[in-house]
Every structure is written in C-alpha cells, then in structure tokens.
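Inspection log for the structure reproduced underneath, given as structure tokens.
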C-alpha cells in the first residue's frame, strides 16, 4: 500500500457516532490509519464543493449511511441527492460506503453500493467492513475476543430505553456538549464520583427527546443504560428500584433496600453506566437516588437548582430557525422551506408546537399551510370548541385548540378517548388497564373500541399522530399481533385538555377512570405478586379523581394503595396520599365513616413510621374519642383505634397508659370475638406484652410472649411471619433476663427461619439477626457478634436511613459492641451520633435519648475521661428517673453506671451510697437473682472494698458470683470477667416497638 492508501476518513452524521467509532476501531486494528469527520449537511448549501472538500483528504473516504440519508427522497434534501450523482462517478474508486440503517435507502444513496452492516452479527459485520476496504478475510479464523467498543447493533446488556425517535432533528451542539461535559467530569472527578449534567429549559422544547437521543447515540459507550421517570418521587423510586432486578439483586420488599442495593452495585461496578432522570423537578427528593461510582448521570428538568446537588447545567434553547425548518420539513415532507419558516415564526420555534402543527398538516394533506396559519391567527378559540385555560401562552392555545376541534369533528370516538386519557397520569397512560377493563366500566362507544384490537390500535395511532403522543408497541398476549403497549402525553398538553373540558365532561371521564382503576385492583396489597400492579395504579389516583371520590369501591382502592406503600416502606408518599384523601372524605362523609376511619388509621400509622409521634398521638386520641362518642361505632373500629394509639404511646414513652389501653383493648377483643387466640386478639396481646416489657417487667412480658408463641404455632404454623415475630420477642426477653443460653438456642433457629420465610433483607429478618448478635455477645463470641451487627447496621442504614428508629436501635447496640472490642473512637462516634438523633426525634427527656447519652458516658469512662463520664452519668440517672421512675430497671441501670463513674472519679463513698440504694431498689423490684441485681451487687462489692469494708464486700461479691455462676456456668465469659475483679456496667438497649 502507498502512504495514502492505508488512510481512511470515516464520514458520519452525528446520530451514527457509535457506528463510526466502532468502524474506526476495527479499521485501526486491521492496520489502517483513520480520521473521523462529522458531516452535517443541514448547515451547508447542497453544493459539489461540500463533497469534494471531503474527498481532498488523503486516502479513501468511507461514508456511514444512516437514517439521515433517507431524506434524499423529499424536500430540500433532493438537491443533496443530485450532488451525490454528480460527484460520485468521478471519485468512485476513492469512496466506500456502509449502510447502518434498517430501512431501504433512496436511489442516490444505493448507487454507492453500500455494504450492509446493520442486522448482522458482530463478526459478520467486521468481515464485511474489512472486505469492503480491500482486506482479504480468512473466514476460518476464530472469533476475536479482544472486542474493544461494543458492536452498535448490540444493545447495552442492561437497558430499559424506549425506541429511538426517527424524527429527531438537530441539537448537534447540545448533544456534543453533553458528551464532552460528562467525559470531562469523569476524567477529573474522584473515583467514586459520577459525572452529573442537568439539561434544563422550559416545557415543550424537547429536553426528553434530547436525552433519549443522547442515550441512543452513545449507547455503545455504556453497559447499562437506565431511564428513570422522575416526574414524581415515587415514580422515580419505583423506576430506579427496578434496576436492582436487572443487576441480579433479589427483591427484599422495601423500595429503599432495592434502591440502595442498586446504588451499591453501580458504585462497585467496573462497567460503564448511564442513568437518565427525566422530568426531575424536585431535586431534594430525587437527589438521593443518584448513585456513586464511575458512571454518568443525565437529568432533564425545568429547575436550575440541581447545581446545588453537584450537577453541571446545560440550558437547552429553542430550535434555531434552521432546525425548526429542517424538523418541520422532515415531519411533513409536503411543506416547503418557506412554509416551514412561517410555521416556526408563528410559534416562536417551540419544538413541541412545530411537531403539533406539522402532525395536523400531515393528517390534512389537502389543506394549504397558509389556510392553517389563518385558522391559528384569526380563529376564535371559543368558536373552536374549547375554553381557553388562561394558563398557557396563546400559541399553545391556538395550536392545541385547533387539534382538539379537528379531533372532535373528524374522529369523535377518538376525541372521547382523549378526554378519558386526560384523567390518568400523563407520564404513563394505562393502555393495558383500559384494554383489560370490563365493558360495563366503559361508555358503550369506548367499550366497542377496546373490544376490537385493530380499531383500538388505530384510535391510539390517530391520537399519537395528531397530538404528538409518544407511542410504543409490544407483542400481544397471544404473541400473534403487535399492540400499543405504552402511550405518553406531554404534561402541558395533558393539563390543557383537562382545563378546557366542561365540568360535566370532567365528571364523566373521572367516574370512568375510577371504575377502570377499581377493576384493576387485586385487593391484596400485602402480596408481593401484586406489587407491580399497585405501582402501576398509584400514579393515576390524583388525576382520576379517586382521592375525592365518595364511592366505596374507589376509596377501598385508595386504601389498598396506601397499604401497599406501607409494605414497601414508602411512608412519606403514603402519608401524602392519605392526607389528601382525608381532606375530601371527611368533609363529604364525616369523621366516623368506615372508610374515613381506615384512612385515618393509615394516616396515623404513616406519621408514626415517619417519627412524627406527637402528631400521630393527636390523630389517634381524636379518632378514639369520636368513636367512643358514636353510638353506632363498630367494635372492630374501636379496637383498631386503640391499637394504633397504643403504638404511638409506646413510642412516646407513655408506657403505663399504653399498657392500660392494651389491656382494655384485649378484653374488648375477647368479648367481641369470643376467643383469646384469634389473630386480631393475639396481635393486641403481643403489643400488650411489649408495653409490659417497656415498663421493665421482663418476666411478665416473657410469659405473655411464650403464650402467644404457642397459640400462633397452633394457629398459623411455625413458618408464619407473626409466629417468627413471637419467637423473636421470646428470645429477646430471655436475653434481657440473663438466660443467655436459652435465648441463643431459640434465636439461632429463629434467624435461620426468618431468612427462609421473609428474605434476608426484610426488616424483621434484620431485627432477628440483630438479636442473634446480642445473644452471641452475651455468650462471649464477640468477633461473630461484631461482624454480624456491623452487617445488620449497614443493611438497616441502607434500607431505612441513619435516622430511622430501627437503625438507631441497632446503632446504639453496635456502639457498645465496639467498646467491648476496644474500638473506642468509632464506638464514641456512633454512640454520640445515635444520642443526637434520638434527642432530635424524641426530645432530650425521652428515655431512649437519655439511655443513648448514658452509653456515651460509659465509653468516655473507658477512654479515661472520668470527669466528662461522671457528668453524663449523673445527668442521665436524674433524667431517667424523671422520665420513668427511680424503680424502673433503666433507672437502676443508670444508677449502676453512675456509681461506677463516681468510683472512677475518686468518690468511692458516693459510689457506695448510690450502690446500696440501687441494690435495695432492685431486690424489691425484681428479686435477688435478677441479672441487674447481681451486677449491682458486684459493683457495690468493688466500692465497699475500695473504702476498706472488706468483709461486707466479700459477702456481697461472693453472693453475686454464686448466683451468676449457677445461672451461666463457671466458664461463662461474664463469670470470669467478674471473678477477675472487673467492674460491671449496664448499657442501654432500645427496645423495638
């Protein structure tokens, strides 16, 4: 080969960059020198020189023919076809062409004899490419395993992208800017930081289409491309969580866990990924979904506040006039460039309106463009049959009014369908739900339309073509035909259609939409097999009017959706839906209506789970008072109200009141249901046992839990989730009573069953593992306990967040485990963080906040900061006695730690005085053989010895050791610890509620 013959210039339109780069890579591997040239005729006049300039490059030119060349048969681009015909013959030996489109090329392009690369496998495409470039290919060679860039016809292994928009036009500079910015950020950012770019601009200018084109155009650079619809936080969370399954992550129930698992997988991955958050108008809610790692994040939004979350901003402008004209001519080939220019001028180069106008013109080929423009300029919007909303600029109103008027006149049934679709979410029009709706739930004309697939698809195509809705096909249920699977309406157009409907039409469409949703309700929100259906239903609740409905079935649908959200851990969204529904339902039906009561219970439950206990208490007390005053109130409703309020009271540390309430509720349940061992009564009895434990009556609580466990085994079996919960509570109480071996035996089996029945990531499973770690700690297996507790805390933090009550519970215990292991700095950090979070959520005076602070004092004493430890201990002891009573076990535990702090600070007499008092209280409250009493006596013995009272010290110490050895055995680590003269301590363990 000559010096020039081994050089090939690869010429491509912007949309085929992935193909061009793959071609370049294969040619360079084969020994060619290459250059890439992006050729954009859109901005050039169709002249011979445009091609001859390309051919002036050394060596040969390889043209990558894609969908852009399909335009040579229409409009302004015919001139380019003429240029090809004139130039190519003289330079035929210098030009090679490859086709990467699935469509038949126009004659002018076919004259280049392009080699087809699209639609064949990677190896075949490689061989065809090299053969076209004059390289002899041995087809007997093995497959090249050094693949480099992914073959463009191979989609990313993980992707949920919708099809590419073949009508996409222009935006080259924006697309290149996005690619450069993402690449530059990746090069400059730390290893765990993604590149984040936010594409922002007003509605209707094409942000979504640009993002979709970017994802398709550069798909070859990624192994994962995932589209997240982010118009609402819940929709975004559902979409992002769906990525977990594609990454091989098992569904653990709650969305937070799936989201975190997917984020962690992306952060660890060495593969290339792109996540697109489309329509992310709420940065505060969506930002937490952004993953870490060496990937790319592209956001579309109206908001510029994404910059506060680390995103670089790119403003998307309106079309420039050349882009407007090119797009209009491509969308409606019959119009001239001059007419396209007039259309663009009429609507200010807004892409969405240009699309809408040209769609209308395509549907009406006999109407001249100027006549259409006269309609827009001179038509009275009210005469056009719609009522202007006043919220949209006049060009929007004029274009859309014309479209709606035409639909009403020419396709009345399709127009009726549009009015119905406007009462579902714009983001995901529920095509499948409408197809599966009962005929009786639809107006007669729509029922007939849905019943015939060809008519149904035709109507949806008409809507898509006339209103620029995005439409996707999928294989029908019998794999025999293609049917419309997805339809999306722009939010601006969705709002316009709704706002222009008369009130009667809105009521009719709302009622129909609600009936469709009710028919789709599986009525089992707790069943995982139905969770996807509820995720599909929730986006439509507000648009359909379901939250305002007085219909019992519609309200039941809403309640089931809220229950689904509780099951999935989406408490904020559940609270919002319940709150909105109650605002309408209470005024329409009164506060003691059955569905209003259920919604109120759900509302209070969401408040509790969000940590808003004071508000939950107000709601709970109000509804219980109303029911108690209602002569016809049902007993079940009163029990539900008592149960909900009791849980709130326990969270607020009103343990005595909670116990009284549960005792009353249990008695009423037995009277009402006739049995102590039916599920509802057992649930109340279980909560009563928890309240008893929170009062410090561990032995009484254990007996109650054991009875409930036995009843649930007989009623539900050993593998039921409620049975497993009772076994967990039983093991918990045994451990708190110092019966460590019994607790460990039960908890080991209980943990294994939890993993089998509920999944390893379920919250209840994590609590079982947490208790197993505590049992192992008490049994002396500190390394196992520390490792397991660390994993549980990581998972709980990932699933629930650092401030969730269950995460705080685990963090408090993990900090004390780290203290045992000698990791004092980390123990102090976690303990202090936990104490701050408890105080922030529950108040400084809450027992959990007090106990968590007391743990900090123990760690400080271990670190040798005796002055600070003593101050915290004295303060915590006084605060716990105020919060509960001096005789509560937690108060006596604080007294043990305060006595130790006094001794460490040199006040041995003060330690003895406090120790004697605490021992006397403990003996009176729980007896001589309780583990707390034993530890108090052992600590008192050390302080007596320090003050020279050896005889008394010996007696107290030996008595404590004898009781402890009898209970645990001489070789138990705690017995050896005490015999070595080490000081006992009491660490506060928050109890699950």
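Numbering (our numbering), first residue to last: 167 to 1159.
All C-beta atoms, glycine included, are put in the ideal place defined by N, C-alpha and C.
Report, in whole angstroms, the separation of the C-beta atoms of residue i and residue j, which I expect to be a contact under 8 Å.
i            : j            : result
residue 1080 : residue 1061 : 6 Å
residue 721  : residue 761  : 4 Å
residue 1082 : residue 1108 : Going by Cβ atoms, the distance from residue 1082 to residue 1108 rounds to 13 Å, so no, they are not a contact pair.
residue 444  : residue 376  : Their Cβ separation, rounded to whole angstroms, is 11 Å, which puts residue 444 and residue 376 out of contact at 8 Å.
residue 566  : residue 659  : 6 Å
residue 1129 : residue 1102 : The pair is not a contact, with the Cβ atoms about 12 Å apart (cut-off 8 Å).
residue 817  : residue 1049 : About 14 Å; that fails the 8 Å criterion.
residue 984  : residue 996  : 7 Å
residue 415  : residue 424  : 7 Å
residue 954  : residue 938  : 7 Å
Going by alpha carbons, who is nearest to residue i out of the options?
i            : options                   : result
residue 1069 : 1148, 1004, 1016 and 1006 : 1148
residue 586  : 682, 329, 540 and 517     : 682
residue 896  : 908, 885 and 887          : 908
residue 339  : 448, 702, 481 and 686     : 481
residue 390  : 463, 752 and 1091         : 463
residue 263  : 983, 255, 877 and 229     : 229
residue 1133 : 901, 702, 530 and 950     : 901
residue 610  : 595, 977, 447 and 674     : 674
residue 410  : 693, 428 and 485          : 428
residue 1143 : 1126, 837 and 1155        : 1126
residue 453  : 830, 406 and 439          : 406
residue 1163 : 366, 271 and 988          : In the structure displayed, the chain extends from 167 to 1159; residue 1163 sits before or after that span and is not available.
residue 322  : 275, 232, 272 and 439     : 439
residue 528  : 569, 561, 507 and 540     : 569
residue 330  : 196, 182, 220 and 342     : 182
residue 809  : 826, 831 and 823          : 831
residue 1174 : 751, 697 and 713          : This structure cannot speak to residue 1174, because the chain is shown only from 167 to 1159.
residue 408  : 866, 618 and 392          : 392
residue 510  : 539, 531, 534 and 774     : 539
Hey, could you find the ends of the alpha helix (DSSP H) residue i is sitting in?
i            : result
residue 205  : From DSSP, residue 205 is part of no alpha helix (DSSP H); its letter is neither H nor E.
residue 184  : 183-195
residue 911  : 906-923
residue 1049 : 1032-1049
residue 974  : 971-986
residue 1085 : 1074-1092
residue 480  : From DSSP, residue 480 is part of no alpha helix (DSSP H) but of the beta strand (DSSP E) over 478-481.
residue 816  : 801-817
residue 490  : 487-497
residue 760  : 760-775
residue 967  : Counting along the chain, residue 967 falls outside any alpha helix (DSSP H), and DSSP gives it neither H nor E.
residue 937  : 929-944
residue 1144 : 1139-1145
Tell me which residue opens and which closes the beta strand (DSSP E) that residue i is part of.
i           : result
residue 466 : 462-467
residue 361 : 361-366
residue 178 : 173-178
residue 440 : 439-444
residue 532 : Counting along the chain, residue 532 falls outside any beta strand (DSSP E), and DSSP gives it neither H nor E.
Stretch-stretch touch, CB-based, cutoff 8 Å, three pairs: the segment 780-789 with the segment 739-749: no
Inside the segment 679-752 only - alpha helix (DSSP H) runs reaching at least 4 residues: 697-703, 707-710 and 718-733
Cβ pair count under 8 Å reaching 3, the segment 349-365 against the segment 497-511: no
Cβ contact check for the segment 473-480 and the segment 353-372: 3 or more pairs under 8 Å: yes
4 or more residues per run - each alpha helix (DSSP H) lying fully within the segment 376-428: 399-412
Contact the segment 511-523 vs the segment 361-377: 3+ CB pairs below 8 Å: yes
Stretch pair the segment 687-697 + the segment 717-731: three plus CB contacts closer than 8 Å: yes
Those runs of the alpha helix (DSSP H) which lie wholly inside the segment 222-297 and span at least 4 residues: 244-253 and 273-276
Secondary structure, alpha helix (DSSP H): runs of 4+ residues fully inside the segment 831-901: 845-860 and 864-882
Cβ contact (3+ pairs, closer than 8 Å) linking the segment 699-713 and the segment 624-639: no
Residue ranges of each alpha helix (DSSP H) within the segment 584-613, 4 or longer: 597-601
Meets three-Cβ-pair contact criterion under 8 Å: the segment 261-281 and the segment 291-300: yes
Three CB pairs or more closer than 8 Å across the segment 770-782 and the segment 792-802: no
The segment 841-860 / the segment 876-893 touching (three or more Cβ pairs under 8 Å): yes
Meets three-Cβ-pair contact criterion under 8 Å: the segment 857-877 and the segment 1110-1127: no
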